[in-house]
Structures are given as C-alpha cells and as structure tokens.
Amino acid sequence: MSLEELKEKAKRAAQNSYAAYSGFKVGSAILLESGEVITGCNIESDSLTFNICAERNAISTAISQIGNVKIDTVVIYADSPTPAAPCGVCRQLIYEFGHEARIVSYGNANEIINTNIQELLPHAFDFNEFKK
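Laid out in structure tokens, this is it:
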C-alpha cells in the first residue's frame, strides 16, 4: 500500500474522532508487516485522564482482531496546521510491536515528519532485556 493511501486512511479515521473537549481530531493508519491496514482515532472522555490516542486505538484494534502483530508503518494525521508526533505512551507501544517501525506524521499544511521509532524513542524500555 502506498504512503498516499495510508495518509488518506488516517485522515478518514480522524473524521470518526470523538474530541468533544479539545477539538483536536487525530487519525492513524497502521500498516502491518502482513500487509493488513488497521485504523484508529482518538477518543476523549469526561474524565480527561482516560483519553486514548489514535495510535494506541489502532494498535489495540489490530491485536484484538488479529493477535500477534508486527508494525511496519504508522501514519498519523492531525486536523491541525502542523503534524503531531506520537506521545510517549504511544511511542513505547509502537516500539513493542515494531522495533523498526516507520513513523509518518502530517497535518493540514505541507509539512510531513518522516522518521522511525528508533529516532523517536532511542532508549526504549524492552522487558525482554531483563529476562533470564
């Protein structure tokens, strides 16, 4: 699947966002190594501490629908003038399911952040390093 197709899927996912408090709508499209694409959007709650990011939503959906997954690419669209990078929690979760995942973020302007999870989270926590 092309990057342009993934960007369009992420943008469409943002339309389903429930951002009643911030108005900050985000969508994510995740390309798995299997070739499947899963989308997610951010969801806010009344408590404001129980929100879920688009990336975590998509990863959770992939795991619940498919099982063990390996992430190839994460595309994030933010309905804002500038791209939005994944938060720290999302970075850790992306790393756990895609140690070399490509990350592409974009907004309503022409600016695109094209990076990878190693650059965004250079010292990721990996529990496997502590197993005997």
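Using our numbering, you'd call the opening residue of the sequence shown number 25 and step up by one each time.
All C-beta atoms, glycine included, are put in the ideal place defined by N, C-alpha and C.
Who are the Cβ neighbours of residue i in its own chain at under 8 Å, not counting the five residues just before and after it?
i   : result
R80 : G64, V113, C114, L117
G59 : M25
E68 : Y42, A43, A44, Y45, S46, N75
Between which residues of its own chain and residue i is the CB-CB distance below 6 Å, once the five residues before and five after are set aside?
i    : result
A78  : V50, G51, S52, G64, C65, N66
N132 : P105
I62  : I54, A82, T85, A86
A102 : V50, A108, G131
Tell me which same chain residues have a C-beta within less than 7 Å of the C-beta of residue i, skipping the five on either side of it?
i    : result
N40  : C65
E135 : T106, P107
V93  : L56, A86, I87, F121
Are residue i and residue j closer than 8 Å when you measure CB to CB?
i    : j    : result
Y119 : I141 : yes
S88  : F48  : no
I90  : A34  : no
I54  : I83  : yes
I76  : A125 : no
Nearest CA to the CA of residue i: which residue from the options?
i   : options         : result
Y42 : E153, F151, L72 : L72
Entirely within the segment 49–135 and at least 3 residues each: give me those beta strand (DSSP E) ranges in chain order.
-> Those beta strand (DSSP E) runs which fall completely within the segment 49–135 and span 3+ residues are 50–56, 61–65, 95–102, 126–130.
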